[in-house]
Every structure is written in C-alpha cells, then in structure tokens.
Amino acid sequence: MSTIPAKQIANLPRMAREPLTIATANTVPALAHTPINAASVKLFVNGIHYGAIGANAPLSVNARAINWSAANAGFPLDSNDRVIAEYVTAEPAT
Numbered sequence: 010m011s012t013i014p015a016k017q018i019a020n021l022p023r024m025a026r027e028p029l030t031i032a033t034a035n036t037v038p039a040l041a042h043t044p045i046n047a048a049s050v051k052l053f054v055n056g057i058h059y060g061a062i063g064a065n066a067p068l069s070v071n072a073r074a075i076n077w078s079a080a081n082a083g084f085p086l087d088s089n090d091r092v093i094a095e096y097v098t099a100e101p102a103t
C-alpha cells in the first residue's frame with residue numbers, strides 16, 4: 010500500500026464551511042477562501058439552502074465576494090438572519 014505525501018493532500022480540493030455575519034442589509038461578507046467555482050457555493054439562510062445556479066438565483070459569486078439579490082430571493086438579508094456558507098476550495102485550511 011502506498012501513501013499520499015502530505016504536500017499532495019494539502020493541495021486537494023476540500024469543503025469549507027463558515028458562518029457569515031450580516032452587518033448591513035443584503036451585504037454578505039467576503040468568504041475566507043476562494044471557491045473553485047460559483048456552482049460550488051451554497052448559502053444556508055436560517056436553515057434554507059440557496060445556490061448560485063440559474064438566471065434568477067438569489068446570489069452570485071465573484072471570487073470571494075457574494076452578492077445577494079433580495080428581489081430574486083423574495084426577501085432581504087438582515088442582521089437577524091443566520092447565514093452559513095458552504096463551498097469547495099482548493100486553498101489550504103488556515
């Protein structure tokens with residue numbers, strides 16, 4: 010049986026999950042890591058899953074930035090919302 014060197018494991022894509030605090034209405038803070046693509050990003054708002062796929066998606070992703078569309082979601086984000094981001098990144102854990 011062969012083993013995978015630690016250096017190679019560190020470079021494999023991994024799932025990142027982080028809580029995000031909404032300080033200003035509809036403004037999502039930047040992610041800690043860059044997602045491998047927008048399709049890998051999921052936001053859980055008060056336990057409900059939202060993705061960035063489709064023309065009318067409630068969010069769009071550009072590198073680490075997430076833009077929330079209250080019009081597409083049907084509601085605005087505010088400081089009372091519990092938001093968790095989950096995405097795949099190739100960056101090592103910090």
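Note that the sequence shown covers residues 10 to 103 in this note's numbering.
The beta carbon of each residue, even a glycine, is placed where N, CA and C say it ideally should be.
What is the DSSP secondary structure of residue i, counted as helix, strand or coil?
i   : result
E78 : The displayed chain sequence assigns Ser, not Glu, to residue 78. Three-state result, S78: coil.
S69 : strand
T12 : coil
Taking the alpha-carbon positions, what's the residue i to residue j distance?
i   : j    : result
W77 : L86  : 8 Å
I57 : R23  : 22 Å
A79 : T12  : 48 Å
A64 : N81  : 9 Å
T36 : P44  : 18 Å
A66 : A102 : 28 Å
Span of the beta strand (DSSP E) holding residue i?
i   : result
P28 : R23 to L29
I57 : I57 to G60
L52 : K51 to V54
I'd like to confirm the pairing. Which residues does DSSP put opposite residue i in its beta bridges?
i   : result
P44 : T98
Please confirm whether residue i and residue j have their CB atoms less than 8 Å apart.
i    : j   : result
R91  : A39 : no
P100 : F53 : With the sequence shown as reference, residue 100 is identified as Glu, and Pro is not the correct amino acid for it. No. Outside cutoff.
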